[in-house]
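At position 346 of the sequence shown (counting the first as 1) the number is 1493 in my numbering, and the numbers step up by one without a gap.
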Amino acid sequence: MNVIFDNIIFSLQRSGGVSKVWYELLKRAAIDTSFSKLYLEYSHQNIFRQHLELPIAETVYPSQRPFIERYLTPQIRTPFPTTIFHSSYFRILPQKGVQNITTIHDFTYNYFRSGLPKFVHLWQERYAINHSAGIICVSENTKKDLLAFYPHIDENKIAVVYNGVDECFRQLPNTEELKKFVPFESGSYVLYVGNRQVAYKNFAVAVNTAKNVVVPLVIVGTKLTEKEEQFLNATLGKHHFAVVPDASVKTLNLLYNGALCLLYPSLYEGFGIPVLEAQRAGCPVVCFNVASLPEVAGDGALIVEYKNSKRDADAIAEIVSDLKNGRVNIDDLRQRGKTNARRFSWDKTYQQTLEFYNKIKLI
């Protein structure tokens, strides 16, 4: 089997879920001698790529214009008579003997974006999907969305391959180092992990929940904007929140261990890796029953029914209040979370991806 990996995502993201998934795939491919491979590389500042060692002899550099190249056909001639071409971001290689594979992580542009960015993205998405021999979806919900937006796609071309979760997330014997990062006691704060700039992530619900339940809020992500800082100061008070920007995996694991819960009020996820990270670390998870979240969280989370009303925020707050006041069996919840998280691993993701390559190769 021959595979060409298109690493364009490392040039489009400094970090992020898609580049994390691609990193885990390539980390295993680089040491797998069972098939021939080629990597397409572009200039980048991606934090995951910096930790990845790819064989120089198997790496080519088609161009150093990644923000233009993302919309173009890769300018290479495949050295293989037949090959799988797997792009990290909606590109195909329209050459004889090439079977193209596209991975769908979510449909956020389709649901939540508008204007020119949506138009351009959907053009690229549509072209890649319609010209792919195989399509990988990261959840059953993402597959459902795919068939809703592209009902003509043959289901036999689709494989659901779940993302994994790092094994370094685990329950710690103590959280003494927590004070190096946040000024709050272990078990006293709620944790928010993820994007704050897009409305569907519901960051404001997390902030207002912390206010209503009277618990500190710890935020993992980018540095606060001036507007966000003003909002947090006005809503919570400057001594009742903390931000940990660009947290390492070790630090994030510590923050999960010290949290009352991971508050994950997102209204849409293609998968939801933070849910599994928290579960592996023994951190209770609170989320809505939307998109892929029930599928990924299983019975190891406190899942709130979403009704698209003002009552939704109140329901989240009630659950967090129950956690705070000992009205939930946390030991049982932690165990169910850890059991659920064991369903997922990056090794399994990689093996199922290879199996799909072999299936498509035979078509």
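We put the CB at the ideal spot given by N, CA and C, even for glycine.
The region 1305-1316 contacting the region 1263-1271, beta-carbon criterion three pairs below 8 Å: Taking 8 Å as the limit for Cβ pairs, the verdict is that the region 1263-1271 does not touch the region 1305-1316.
8 Å CB neighbourhood of N1436 in its chain, flanking five on each side removed: A distance below 8 Å between beta-carbons, with the five flanking residues on each side excluded, links N1436 to the following residues of its chain, in chain order: I1450, V1451, E1452 and Y1453.
Per-residue DSSP class, three states only, for G1405: In the displayed model, G1405 falls within a helix according to three-state DSSP.
For Y1336, the residue or residues it bridges with in DSSP: Per the DSSP secondary-structure output, Y1336 pairs in a beta bridge with A1406.
Three-state secondary structure assigned by DSSP to F1388: DSSP places F1388 in strand when its eight states are reduced to three.
Environment of K1397 [buried if 16+ CB atoms lie within 10 Å]: Exposed, because fewer than 16 other Cβ atoms sit within 10 Å of the Cβ of K1397.
Sub-8 Å separation of V1285 and H1233 beta-carbons: No, the pair does not count as a contact, with Cβ atoms beyond the cut-off.
Candidates P1221, V1340 and L1201, of which the one nearest P1241 by Cα: Just measuring C-alpha positions, the residue of P1221, V1340 and L1201 sitting nearest P1241 is P1221.
Rounded separation between A1204 and S1279 - CA only: Linking A1204 to S1279 through their CA atoms gives a straight-line distance of about 27 Å.
Q1498, buried or exposed, once every other Cβ within 10 Å from all chains shown has been counted against 16: The residue in question, Q1498, is exposed, as its Cβ has fewer than 16 Cβ neighbours within 10 Å.
Local conformation of S1492 per DSSP, three classes: Coil, per DSSP.
Closest by C-alpha distance to V1329, when choosing among R1161, A1394, N1380 and D1478: Measuring C-alpha to C-alpha distances from V1329 to each of R1161, A1394, N1380 and D1478 identifies A1394 as the nearest.
Whole-angstrom distance between K1374 and E1171, CA atom to CA atom: About 35 Å.
Chain-order list of residues whose beta-carbon lies under 8 Å from that of Y1236 (same chain, five-residue window excluded): These residues qualify, in order along the chain: D1153, I1155, I1156, L1159, V1165 and R1217.
Endpoints, the alpha helix (DSSP H) within which N1355 is located: Here the alpha helix (DSSP H) through N1355 covers F1350 to V1360.
Nearest-angstrom Cα separation, counted from F1316 out to N1359: Their backbone Cα atoms lie some 30 Å apart in a straight line.
Residue ranges of each alpha helix (DSSP H) within the region 1245-1324, 4 or longer: Qualifying alpha helix (DSSP H) stretches, in chain order: 1255-1259, 1262-1277 and 1287-1296.
N- and C-terminal bounds of the beta strand (DSSP E) containing G1368: For G1368, the uninterrupted beta strand (DSSP E) segment begins and ends at L1364 to G1368.
First through last residue of the alpha helix (DSSP H) which encompasses L1201: From DSSP, L1201 is part of no alpha helix (DSSP H); its letter is neither H nor E.
Cβ distance (whole Å) where F1227 is taken to contact S1183 below 8 Å: Indeed they touch by this definition, with Cβ atoms about 7 Å apart.
R1238 classed as buried or exposed, judged by whether at least 16 other C-beta atoms fall within 10 angstroms: Here R1238 is buried. Its C-beta has 16 or more other C-beta atoms within 10 Å.
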